[in-house]
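In our numbering, the protein residues as written are 199 to 760.
Don't be surprised by glycine CBs; every beta carbon is placed ideally from N, CA and C.
What follows is a set of notes on a single structure, which appears directly below.
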């Protein structure tokens with residue numbers, strides 16, 4: 199997880215920079231407070247003299263630092279929102295311009311920053327379209343994007359953070375205010391004294407800073423005296439956080455409460471509503487398409503079968519998609535839990551695995567001109583447009599990640615990049631067990647020691663060197679932007695359905711996403727309070743009734759009183 203917090207920021211958090219995907223739960227929190235002594239501790243501190251330009255390698259790929267953005271990409275990012283609208287509707291006269299204008303200026307309640315992985319596809323009849331593969335509520339992309347203006351050394355980081363509101367005030371630079379970064383473990387256990395982040399019973403997040411003295415400011419209130427230290431441990435200071443920028447790559451609902459008083463960009467409800475939940479995203483898209491289809495606005499997605507139990511997977515793969523399909527664990531990311539099925543051997547391999555969750559989605563497979571899924575409704579086969587042929591005549595499957603954010607001018611593109619598969623698309627269906635090599639585009643790679651790395655050699659940036667290999671034009675990029683916009687609006691609307699009166703509607707969520715293994719992972723403020731009480735009870739049993747009362751008090755101070 200990476201985050202930025204309080205009412206002041208200077209440099210964005212650097213979790214995951216340098217090209218490596220962050221380890222599960224890794225991250226940072228940035229908050230305001232005058233730092234008198236910078237002596238290390240539980241939070242990594244960036245002081246007011248932090249020079250972003252001198253540390254640019256922490257925030258961008260080396261290739262991006264030395265790249266020049268392609269003029270066609272720069273054209274898109276420089277187009278006024280109204281110009282994007284006019285061009286999109288000019289190419290699609292059936293679209294209701296006024297309704298699309300409303301969506302371009304739709305003010306989200308929860309989902310203010312989104313990224314979509316899209317495929318540029320076509321059919322044997324030449325019907326070309328951009329298809330949304332998945333939406334991400336914590337998308338990467340800033341570190342891959344060349345600077346649009348040399349004068350803006352922050353690139354997309356500043357475009358994303360600067361417009362955001364925190365407690366009615368803009369996140370802004372402020373001299374004398376330090377920035378802090380704290381790592382979250384794989385799962386935040388709120389009853390564990392060593393946890394670097396805590397949530398109190400009102401849903402306020404605090405970050406722990408060890409061996410550092412913080413002088414409170416108007417925006418960084420002093421922590422309660424009881425929270426400043428623990429028995430037998432070095433002095434620790436807990437600082438409440440008004441707002442934070444969150445970067446969580448796996449199961450964020452197990453680390454952060456769904457509803458909190460601390461403002462989070464993006465809140466976890468966005469993940470549950472579809473930003474990190476492919477099953478709920480599919481339902482959000484269905485609701486959106488049902489509402490806006492009459493206006494010519496539709497989210498283009500592969501044909502999807504929802505709520506599939508493991509035992510049912512072979513039936514749907516054969517019945518609806520002729521044996522060629524994609525099976526997905528709905529809650530994974532970084533390419534995890536995605537199975538391309540083109541043979542009995544690959545299907546048997548999936549069925550032989552043990553899966554923690556009980557529900558899956560089965561989708562049509564976007565392949566090549568001669569193989570892939572045929573829609574059970576339209577009877578058409580969508581296949582990859584792919585990259586331009588290499589000198590050896592090879593075409594690779596590729597995707598385009600489009601990141602957007604909400605601003606005072608409505609939704610705007612923030613960054614873009616593309617990725618290609620390991621192997622080129624073959625003319626005939628790939629051999630059993632090899633389909634992922636020619637279809638999987640994700641760059642993240644999980645090693646045997648559970649560390650993450652990035653296969654950056656397959657990265658295609660939006661620069662003068664790589665962009666031409668994609669074979670896409672400005673209209674394709676505009677299409678990807680609009681599809682990402684529609685997907686973000688759909689998920690924000692779903693999130694709004696799940697939050698009623700500031701309370702997470704767990705009953706509705708469980709009905710829409712009936713997967714007990716997932717529901718059991720969801721972290722809420724009441725569960726934190728219960729964990730704190732349980733921690734006191736366990737400590738009391740261990741050290742005796744008298745000592746137990748004191749231990750319970752310390753546990754409450756560390757994790758937030760119930």
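- Closest option to residue 494, judged by alpha-carbon separation, among 335, 519 and 296: 296.
- Within its own chain, the residues whose Cβ lies closer than 6 Å to the Cβ of residue 340, once the five positions on either side in sequence are excluded, are 354, 355 and 613, listed in chain order.
- A direct Cα-to-Cα measurement between residue 508 and residue 542 gives close to 15 Å.
- Around the beta carbon of residue 251, fewer than 16 other beta carbons sit within 10 angstroms, so the residue counts as exposed.
- DSSP lists no beta-bridge partner residue for residue 720.
- Per the coordinates, the alpha-carbon of residue 336 lies some 15 Å from the alpha-carbon of residue 456.
- Following the DSSP letters along the chain, one finds residue 549 inside the alpha helix (DSSP H) bounded by residues 542-550.
- A Cβ-Cβ contact shorter than 8 Å links residue 682 with residue 314.
- When secondary structure is reduced to three states using DSSP, residue 512 falls in the helix class.
- Cβ atoms of residue 266 and residue 661 come within 8 Å of each other, at about 6 Å.
- Nearest neighbour of residue 583 by Cα position, chosen from 248, 328, 720 and 292, turns out to be 328.
- Nearest to residue 623 by alpha-carbon distance, out of 616, 633 and 615, is 633.
- Around residue 627, the same chain offers 540 and 569 as residues with beta carbons nearer than 6 Å, after the five sequence neighbours per side are excluded.
- When the Cα atoms are used, residue 515 and residue 689 turn out to be separated by approximately 27 Å.
- Judged by their CB atoms, residue 449 and residue 529 are nearer to each other than the 8 Å cut-off.
- Taking C-beta atoms as the reference points, residue 605 and residue 532 fail to come closer than 8 Å.
- Around the C-beta of residue 502, 16 or more other C-beta atoms lie within 10 Å, and the residue is accordingly described as buried.
- Annotation for residue 597: 315, 316, 317, 331, 616, 617 and 639 place their beta carbon closer than 8 Å to its own, counting only its chain and skipping 5 residues before and after.
- Residue environment analysis places residue 713 among the buried positions, since at least 16 neighbouring C-beta atoms fall within 10 angstroms of its C-beta.
- Between the region 660-678 and the region 266-281, the count of Cβ pairs shorter than 8 Å is three or higher; the stretches touch.
- For residue 601, the enclosing beta strand (DSSP E) starts and ends at 596-605.
- Residue 434 is positioned such that its CB atom lies closer than 8 Å to that of residue 406.
- Between residue 694 and residue 308, the C-beta gap is smaller than 8 Å, which places the two residues in contact.
- If you keep only unbroken beta strand (DSSP E) runs of at least 3 residues inside the region 642-695, you get 642-644 and 650-652.
- Selection 720, 692, 718 and 723 evaluated against residue 710 yields 692 as nearest (Cα-Cα).
- With respect to the 8 Å criterion, residue 312 and residue 602 are classified as neighbours on the basis of their beta carbons.
- Residue burial is scored here from C-beta neighbours: residue 588 has fewer than 16 other C-beta atoms within 10 angstroms and is therefore classed as exposed.
- Measuring C-alpha to C-alpha distances from residue 404 to each of 459, 277 and 359 identifies 459 as the nearest.
- Nearest C-alpha to residue 285 among 723, 672, 697 and 706: 672.
- By the neighbour-count criterion, in which a residue is buried when 16 or more other Cβ atoms sit within 10 angstroms of its Cβ, residue 260 is exposed.
- By the neighbour-count definition (other C-beta atoms within 10 Å, threshold 16), residue 674 is a buried residue.
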